[in-house]
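In what follows, a single structure is set out as structure tokens and then discussed.
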Amino acid sequence: AYVGYDCTARSLHIGNYLTMMMLYWLQQSGNKPITLMGGGTTMVGDPSGKDETRAMRTVAEIEANKASIRGVFAKVLRYGDGKSDAIMLDNAEWLTKLNWIEMLRDIGRHFSVNRMLTMDSVRLRLEREQEMSFIEFNYMVCQAYDFVELSRRAGCRLQMGGSDQWGNIVNGVDLGEGARRDVGVEVAGEGDFVAELRLVVVHPGVVVHGAEITGDLLHAAATCIVHADVGVVLQLLELAVEDGLHRHQGA
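Just remember that our numbering sits 774 ahead of the position in the sequence shown, which is counted from 1.
See below:
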């Protein structure tokens, strides 16, 4: 199972910690978690939940953010070479090496523009007559391809994320069904699976985003306690406080 984390800021927010807890409990039940650094998708910019195009970050900024957040995961997940030990990958490894024409032929042909226009990340922007760039429009293609690539590299069968990612996640399943054999990946079994987590809000309608706010810790702690043991909750609160100080100091 995997969750992707774009490198939009120097620290994670409380919503990210909740998805880390999903990976934690999967690992406790004997499954192998995959934390995917979004070194490639951050170059594109996720339009989900945004009213305007994200600021384009330089490769140097993305690498700095990536280096800043990498160590957080090891405080919650166990990494190593064991059957249920977590692994960390970076989608820049494959997204930055894709050939444009080959991608259009092998991957792009499995996407319906008609359906892409109905996804919330696109539809809401168009309904509000707010501009959406071509690069943002392609974000869902990149995230969908991540699922195919992780299946090939690590045998990944489950993608998890916040409810704002639902359209992107489902696209990954559809692409896997339609194109996985086209790109040389053989998968046995019943297919791929997805799981979503409701977004953390600090006020009604105000969603926690990584590059904006860290969230209300008390509200988040109450949410965490429902799903995890006290030790993990304390770990996450400690990390959130560290990140809050880190952000406040402008590091």
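For glycine and all other residues, C-beta sits at the position ideal for the given N, C-alpha and C.
Beta bridge counterpart(s) of residue i as assigned by DSSP
{"i": "Phe-885", "result": "Partner(s): none; Phe-885 has no beta bridge."}
{"i": "Gly-952", "result": "BP columns for Gly-952 are empty, so no partner."}
{"i": "Asp-780", "result": "Gly-812"}
{"i": "Phe-967", "result": "Leu-932"}
{"i": "Tyr-753", "result": "Here the chain covers residues 775 to 1025 and nothing more, so residue 753 does not appear."}
Residue closest to residue i, alpha-carbon to alpha-carbon, out of the options
{"i": "Tyr-798", "options": "Asp-966, Met-934, Gly-941 and Val-968", "result": "Met-934"}
{"i": "Thr-793", "options": "Glu-923, Met-890 and Val-777", "result": "Val-777"}
{"i": "Leu-898", "options": "Gly-946, Asn-888 and Pro-821", "result": "Pro-821"}
{"i": "Met-862", "options": "Ala-834, Arg-927 and Gly-941", "result": "Arg-927"}
{"i": "Val-944", "options": "Asp-894, Gln-904, Arg-902 and Leu-878", "result": "Asp-894"}
{"i": "Glu-951", "options": "Ile-881, Thr-870, Val-887 and His-787", "result": "Ile-881"}
{"i": "Asp-920", "options": "Ser-937, Leu-932 and Glu-910", "result": "Leu-932"}
{"i": "His-884", "options": "Asp-948, Arg-784 and Ala-841", "result": "Asp-948"}
{"i": "Leu-786", "options": "Gly-941, Met-796, Ser-842 and Val-915", "result": "Ser-842"}
{"i": "Ala-834", "options": "Lys-857, Ala-783, Ile-875 and Phe-847", "result": "Ala-783"}
{"i": "Ser-886", "options": "Trp-874, Ala-848 and Gly-941", "result": "Gly-941"}
{"i": "Ile-788", "options": "Ile-909, Ile-875, Tyr-913 and Phe-847", "result": "Phe-847"}
Contact set for residue i: own chain, Cβ-Cβ below 8 Å, skip 5 residues either direction
{"i": "Leu-992", "result": "Its pLDDT being 43, under 50, Leu-992 is placed unreliably by the model, and the measurement read from it follows with that caveat. If we look at Leu-992 and ignore the five residues flanking it on each side, it has no Cβ neighbours."}
{"i": "Glu-923", "result": "Asn-865 and Trp-868"}
{"i": "Asp-780", "result": "Gly-812, Thr-815, Thr-816, Asp-820 and Gly-984"}
{"i": "Leu-900", "result": "Leu-891 and Met-906"}
{"i": "Ile-836", "result": "Cys-781, Gly-813, Thr-816 and Met-817"}
{"i": "Cys-930", "result": "Ala-775, Tyr-776, Ile-808, Phe-921 and Leu-924"}
{"i": "Asp-966", "result": "Phe-921, Ser-925, Arg-931, Leu-932, Gln-933, Gly-946, Val-947, Gly-950 and Glu-951"}
{"i": "Asn-912", "result": "Val-818"}
{"i": "Thr-832", "result": "none"}
8 Å Cβ cutoff, residue i in contact with chain D
{"i": "Asp-855", "result": "In the displayed structure, chain D is absent; only one protein chain is listed."}
Residue i - DSSP class collapsed to helix/strand/coil
{"i": "Thr-793", "result": "helix"}
{"i": "Asp-864", "result": "strand"}
{"i": "Lys-840", "result": "helix"}
{"i": "Gln-801", "result": "helix"}
{"i": "Gln-904", "result": "coil"}
{"i": "Asp-820", "result": "coil"}
{"i": "Leu-869", "result": "helix"}
{"i": "Leu-786", "result": "coil"}
{"i": "Leu-891", "result": "coil"}
Rounded C-alpha distance that separates residue i from residue j
{"i": "Gln-939", "j": "Lys-806", "result": "22 Å"}
{"i": "Leu-810", "j": "Val-896", "result": "24 Å"}
{"i": "Gly-845", "j": "Gly-854", "result": "14 Å"}
{"i": "Asn-839", "j": "Gln-917", "result": "19 Å"}
{"i": "Ala-969", "j": "Ala-775", "result": "10 Å"}
{"i": "Asn-790", "j": "Arg-879", "result": "34 Å"}
{"i": "Gly-946", "j": "Gly-804", "result": "24 Å"}
{"i": "Ser-937", "j": "Gly-856", "result": "31 Å"}
Cβ-based neighbour list, residue i, same chain, cut-off 6 Å, excluding 5 preceding and 5 following
{"i": "Ser-907", "result": "Thr-827"}
{"i": "Gly-979", "result": "Caution is warranted here: a pLDDT of 47 is assigned to Gly-979, below 50, making its placement in the model unreliable, and the coordinate value is therefore given only provisionally. Here the set comprises nothing."}
{"i": "Ile-909", "result": "Val-818"}
{"i": "Ala-996", "result": "The predicted position of Ala-996 is uncertain, since its pLDDT is 44 and thus under 50; a value taken from the coordinates is nonetheless stated next. No residues qualify anywhere along the chain."}
Spatial neighbours of residue i in its chain, beta-carbon cut-off 7 Å, leaving aside the 5 residues before and after
{"i": "Arg-852", "result": "Gln-801, Asp-859 and Ala-860"}
{"i": "Met-877", "result": "none"}
{"i": "Thr-870", "result": "Gly-814"}
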